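Going from the sequence shown to my numbering is simple: count from 1 and add 8.
All C-beta atoms, glycine included, are put in the ideal place defined by N, C-alpha and C.
Just so you know, these numbers come straight off a predicted model, no measurement behind them.
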Amino acid sequence: MPVDVDPLVARMRGFGTTIFAEMSALAAATGAVNLGQGFPDFDGPPEMLEAAQRAIRDGVNQYPPGPGTPQLREAVAAHQRRWYGLDYDPGSEVVVTAGATEAVTAAVLAFCEAGDEVVVLDPLYDSYAASIALAGAVVRPVPLRPGPDGRFGFAEADLRAAFGPRTRLVLLNSPHNPTGTVLSRAELALVAELCTTHDVLAVTDEVYEHLVLDGVDGAGHVPLATLEGMRERTLVVSSAGKTFSCTGWKIGWVCGPAPLVGALMRVKQYLTYTNGAPFQPAVAVALGLGDDYFDGLVSSMRAKRDRLASGLREAGFAVERSQGTYFLAADIRPVLGADPDGPLPDGHDGLAFCRALPERAGVAAVPMQVFYATRGEGRHLVRFTFGKRDEVLDEGVRRLRATA
């Protein structure tokens with residue numbers, strides 16, 4: 009093969025180095041405060057950390073069972089009953105994965121043929137588009153746009169138009185990264201109606217389930233699988249990384265009806281097969297923690313969100329509403345001196361802004377436009393994470409205000 013020919017398969021040529029790697033590398037090179045990549049800079053609960061250390065000392069260091077250790081699968085099933093009233097058989101309806109990313113990828117590969125369509129909320133986490141491309145399937149984006157209250161939502165007509173004869177899956181993320189929106193029960197009910205009408209499977213990425221900071225109508229997290237007719241057609245995906253501040257452990261899981269979980273497992277076993285032997289019993293311990301841990305997590309993250317949002321506004325950004333996750337979407341037009349409701353100045357967009365920000369202000373953020381399947385959308389938005397220690401947030405804001 010000539011050296012000037014790209015050896016990569018055509019369907020993956022549009023995917024380069026992830027934006028997270030690029031912005032984190034810029035942050036490291038410039039000494040910038042990294043408010044871009046979504047990982048916390050503090051550890052999770054001590055009970056979980058001690059359980060992992062104990063497991064390592066006790067020799068839990070070899071391959072665990074392919075579907076995951078019984079202890080963790082039982083803990084996941086108990087968690088679903090405790091929080092949502094969903095009953096899953098830990099032996100046949102729960103599988104442990106290498107994070108939520110593997111779970112989503114395995115699901116898409118297991119259920120999508122070439123040319124099938126996958127309905128997603130737009131913007132979407134970047135691995136979704138890559139997983140869909142790997143399967144030879146097609147993204148059908150449903151745009152999320154901020155309303156008068158700053159909350160991102162979709163129009164009913166847009167969602168209905170996305171479903172058609174080739175629709176195989178809906179891949180749903182709520183609380184939603186990168187916008188921070190939390191879908192309302194009415195929005196979920198519309199998704200459920202369309203799934204049942206079109207006989208479509210659902211994969212729900214719920215990794216931020218315990219980071220609902222301001223729910224809709226006072227409600228916390230509502231899994232799509234709890235709605236009528238959806239348990240039997242939904243794979244629920246979550247992980248320990250966000251809830252327990254251990255993103256590097258890569259312990260995720262999938263719950264669903266046995267036929268769907270079994271099909272996913274047939275693909276998953278050829279991806280990582282298994283992972284994280286000493287971390288699995290530790291996550292099982294964490295899932296059984298009392299309400300005080302989960303309540304404290306929400307309270308702490310809500311305070312951090314408000315702290316960063318206030319600071320970003322003082323630095324000149326227009327900040328959109330974040331109901332969950334640990335991300336804020338900020339409009340850069342006021343910082344650039346542009347009309348808040350108008351176009352960006354020539355030569356400016358979120359990508360250029362974020363590439364210059366570490367050197368100019370000593371802060372790293374992530375441009376929202378890279379998350380959009382619809383070209384040209386989100387060019388005025390950047391994403392900041394508030395999942396950091398307060399002193400880090402304050403230093404980031406201080407630097408941004410100094411260059412405002």
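Inter-stretch contact (C-beta, 8 Å, three-pair minimum) for the region 315-332 and the region 391-401: The answer is yes - the region 391-401 touches the region 315-332, with three or more Cβ pairs under 8 Å.
Identity of the residue in 21, 80, 69, 335 nearest residue 48 by Cα: In the sequence shown, counting from the first residue as 1, residue 48 sits at position 40. Ranking 21, 80, 69, 335 by Cα distance to residue 48 puts 335 first.
Quick check on residue 40: does DSSP put it in helix, strand or coil? As a working mapping, residue 40 is identified with position 32 in the sequence shown. It is coil, neither helix nor strand.
Quick one: grab the DSSP three-state call for residue 175. The residue labelled residue 175 in the question sits at position 167 within the sequence shown. Residue 175: strand per DSSP, three-state reduction.
Pull up the distance between the alpha-carbon of residue 157 and that of residue 331, whole angstroms please. By one-based count along the sequence shown, residue 157 stands at place 149. By one-based count along the sequence shown, residue 331 stands at place 323. One Cα belongs to residue 157, the other to residue 331, and the distance between them is close to 12 Å.
Hey, how far is the Cα of residue 186 from the Cα of residue 382? For the purposes of this step, residue 186 is identified with residue 178 of the sequence shown, where counting begins at 1. For the purposes of this step, residue 382 is identified with residue 374 of the sequence shown, where counting begins at 1. Those two C-alpha atoms are separated by around 15 Å.
DSSP three-state call for residue 247: helix, strand or coil? One-based indexing of the sequence shown puts residue 247 at position 239. Here residue 247 carries a strand assignment [DSSP, helix/strand/coil].
Look up residue 160 in the DSSP assignment and say whether it is helix, strand or coil. Along the sequence shown, one-based indexing puts residue 160 at 152. Three-state result, residue 160: strand.
Considering residue 275, what are the terminal residues of the alpha helix (DSSP H) in which it resides? Here residue 275 is taken as the residue at index 267 of the sequence shown, counted from 1. Here the alpha helix (DSSP H) through residue 275 covers 266-276.
Looking at C-beta atoms only, is the number of pairs between the region 261-279 and the region 296-311 that lie closer than 8 Å three or more? At 8 Å Cβ cutoff, the stretches do not touch.
What is the DSSP secondary structure of residue 210, reduced to helix, strand or coil? Counting from one through the sequence shown, the residue named residue 210 turns up at place 202. If DSSP states are grouped into helix, strand and coil, residue 210 belongs with the strands.
When DSSP labels each residue in this structure, what does residue 120 get in the three-state scheme? As a first step, residue 120 is located in the sequence shown; it is residue number 112 there, counting from the start. Residue 120: coil per DSSP, three-state reduction.
Could you work out which residue in 329, 402, 251 is closest to residue 159 when comparing CA atoms only? Start at 1 with the first residue of the sequence shown, and residue 159 comes out as number 151. Of the listed residues, the one whose Cα sits closest to residue 159 is 329.
Sequence-distant residues of the same chain with beta carbon closer than 6 Å to residue 258, five excluded per side: Numbered from its first residue, the sequence shown carries residue 258 at position 250. For residue 258, where only same-chain residues beyond five positions count, the Cβ hits under 6 Å are 106, 107.
What's the gap between the Cα of residue 69 and the Cα of residue 282? Here the question's residue 69 lines up with position 61 in the sequence shown. Here the question's residue 282 lines up with position 274 in the sequence shown. Within the model, the alpha-carbon separation for residue 69 versus residue 282 is close to 12 Å.
Kindly indicate which three-state DSSP category residue 336 falls into: helix, strand or coil? In the sequence shown, residue 336 corresponds to position 328, counting from 1. DSSP, reduced to helix, strand and coil, places residue 336 within a strand of the structure shown.
On a CA-only basis, which of 340, 207, 18, 40 is nearest residue 174? Give me that one, please. In the sequence shown, counting from the first residue as 1, residue 174 sits at position 166. Checking every option, the nearest Cα to that of residue 174 belongs to 207.
At least 3 beta-carbon pairs within less than 8 Å: the region 336-349 vs the region 199-214: The region 336-349 vs the region 199-214: no contact.
Cα separation between residue 221 and residue 255? Within the sequence shown, numbered from 1, the residue matching residue 221 stands at position 213. Within the sequence shown, numbered from 1, the residue matching residue 255 stands at position 247. Between residue 221 and residue 255, the C-alpha separation is close to 20 Å.
Answer yes or no: do residue 261 and residue 84 have a C-beta to C-beta separation smaller than 7 Å? On the sequence shown, position 253 is the one that residue 261 refers to. On the sequence shown, position 76 is the one that residue 84 refers to. Between residue 261 and residue 84, the C-beta spacing is below 7 Å.
Here's the rule I'm using: 16 or more other beta-carbon atoms within 10 Å means buried, otherwise exposed. How should residue 136 be labelled? In the sequence shown, the residue the question calls residue 136 occupies position 128. Burial call: buried.
In the structure shown, what three-state DSSP assignment does residue 107 receive? The residue you call residue 107 lines up with position 99 of the sequence shown. Reduced to three states, the DSSP call for residue 107 is helix.
Proximity winner among 154, 362, 271, relative to residue 118 (alpha-carbon distances): Counting from one through the sequence shown, the residue named residue 118 turns up at place 110. For residue 118, the closest of 154, 362, 271 by C-alpha to C-alpha distance is 271.
Return the CA-CA distance between residue 295 and residue 215, expressed in angstroms with no decimal places. The residue labelled residue 295 in the question sits at position 287 within the sequence shown. The residue labelled residue 215 in the question sits at position 207 within the sequence shown. Cα-Cα distance, rounded: 13 Å.
Do residue 82 and residue 72 have their CB atoms nearer than 7 Å? Translated into the one-based positions of the sequence shown, residue 82 becomes position 74. Translated into the one-based positions of the sequence shown, residue 72 becomes position 64. Going by C-beta atoms, residue 82 is not nearer than 7 Å to residue 72.
Proximity below 7 Å, CB of residue 390 to CB of residue 27: For the purposes of this step, residue 390 is taken as the residue at position 382 of the sequence shown. For the purposes of this step, residue 27 is taken as the residue at position 19 of the sequence shown. Cβ distance not < 7 Å, so residue 390 and residue 27 don't count as in contact.
Would you kindly work out how many angstroms separate the C-alpha atoms of residue 169 and residue 25, rounded to a whole number? As a first step, residue 169 must be located in the sequence shown, where it is residue number 161. As a first step, residue 25 must be located in the sequence shown, where it is residue number 17. Between residue 169 and residue 25, the C-alpha separation is close to 32 Å.
Among 362, 289, 376, 358, whose alpha-carbon lies nearest the alpha-carbon of residue 77? Locating residue 77 in the sequence shown gives position 69, counting from the first residue. For the residues 362, 289, 376, 358, the minimum Cα distance to residue 77 belongs to 289.
Residues in the same chain with beta-carbon distance under 8 Å from residue 339, minus the five sequence neighbours each way, listed in chain order, please. On the sequence shown, position 331 is the one that residue 339 refers to. Closer than 8 Å at Cβ, skipping near neighbours: 325, 326, 327, 328, 348, 388, 389.
With DSSP collapsed to three states, give me the class of residue 371. In the sequence shown, residue 371 corresponds to position 363, counting from 1. The answer is strand: DSSP assigns residue 371 an E or B state.
At the level of alpha carbons, what is the spacing between residue 201 and residue 167? What you label residue 201 is simply residue 193 of the sequence shown in a count that begins at 1. What you label residue 167 is simply residue 159 of the sequence shown in a count that begins at 1. In this structure, the straight-line span from the alpha carbon of residue 201 to that of residue 167 is close to 11 Å.
What alpha helix (DSSP H) runs, 4 residues minimum, are completely inside the region 282-364? Counting whole runs of 4 or more residues, the region 282-364 contains the alpha helix (DSSP H) stretches 287-295, 299-322.
Residues that residue 130 bridges to, as DSSP identifies them: Your numbering for residue 130 matches position 122 in the sequence shown. According to the DSSP secondary-structure assignment, residue 130 is paired through a beta bridge with 151.
What are the boundary residues of the beta strand (DSSP E) that residue 389 is part of? Position 381 of the sequence shown holds residue 389. For residue 389, the uninterrupted beta strand (DSSP E) run begins and ends at 389-393, by DSSP.
Report yes if the CB atom of residue 104 is closer than 7 Å to the CB atom of residue 96, and no otherwise. Within the sequence shown, the letter at position 96 stands for residue 104. Within the sequence shown, the letter at position 88 stands for residue 96. One thing to note: residue 104 has its Cβ no nearer than 7 Å to the Cβ of residue 96.
Please report the distance separating the alpha-carbon of residue 22 from that of residue 63. Within the sequence shown, residue 22 is the residue found at index 14, counting from 1. Within the sequence shown, residue 63 is the residue found at index 55, counting from 1. So the two alpha carbons sit approximately 42 Å from each other.
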